[in-house]
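If you want my numbering, it's the position in the sequence shown, counting the first as 1, plus 4. Inspection log for the structure reproduced underneath, given as structure tokens.
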Amino acid sequence: MKINYLLLLKIVALEILYSVALFFVSFFALWGYFGEGAGAESPRAILCGQIATCIVLFPPIIFNIYKMFAPNGKQNSLTYLGAQIVIILLFVCAYYKGFIGI
């Protein structure tokens, strides 16, 4: 089993694009729904923000785990494992830099 670097680049780029696009969609949707001020600091708004963050973070991770153990994807399991590691490292860096919070 070898790492397919072109596939790895495509996977990581697609997952980053997905995460960034969904982050902005959820940001503007939640901002449009809760607005500014006291409504945006309510417990319901904070819970919705945490749920939106989980919706942004977990699908790329679940996709990589699925593709690693899929019956037809055994030859690319190292590629998906590498993509999983890169995505988790990006999310951890974004968490520690303060871009995302749970």
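Ideal Cβ positions, reconstructed from N, Cα and C, are used throughout, including at glycine. Predicted, not measured: the structure shown is a model, and the values here were computed from it.
Item: Buried or exposed by the 16-neighbour rule on C-beta atoms within 10 Å, applied to residue 47; Value: exposed
Item: Which listed residue (102, 97, 89 and 100) has its alpha carbon closest to that of residue 16; Value: 89
Item: Buried versus exposed call for residue 64 [16 or more other C-beta atoms within 10 Å across all chains shown]; Value: buried
Item: Reduced DSSP category for residue 19 - H, G, I as helix; E, B as strand; rest coil; Value: helix
Item: Unbroken stretches of the beta strand (DSSP E), 3 residues or longer, contained in the stretch 15-61; Value: none
Item: Bounding residues of the alpha helix (DSSP H) (the contiguous stretch that carries residue 86); Value: 81-101
Item: Distance CB(residue 20)-CB(residue 83) smaller than 8 Å; Value: no
Item: Backbone CA spacing between residue 67 and residue 52 [nearest angstrom]; Value: 23 Å
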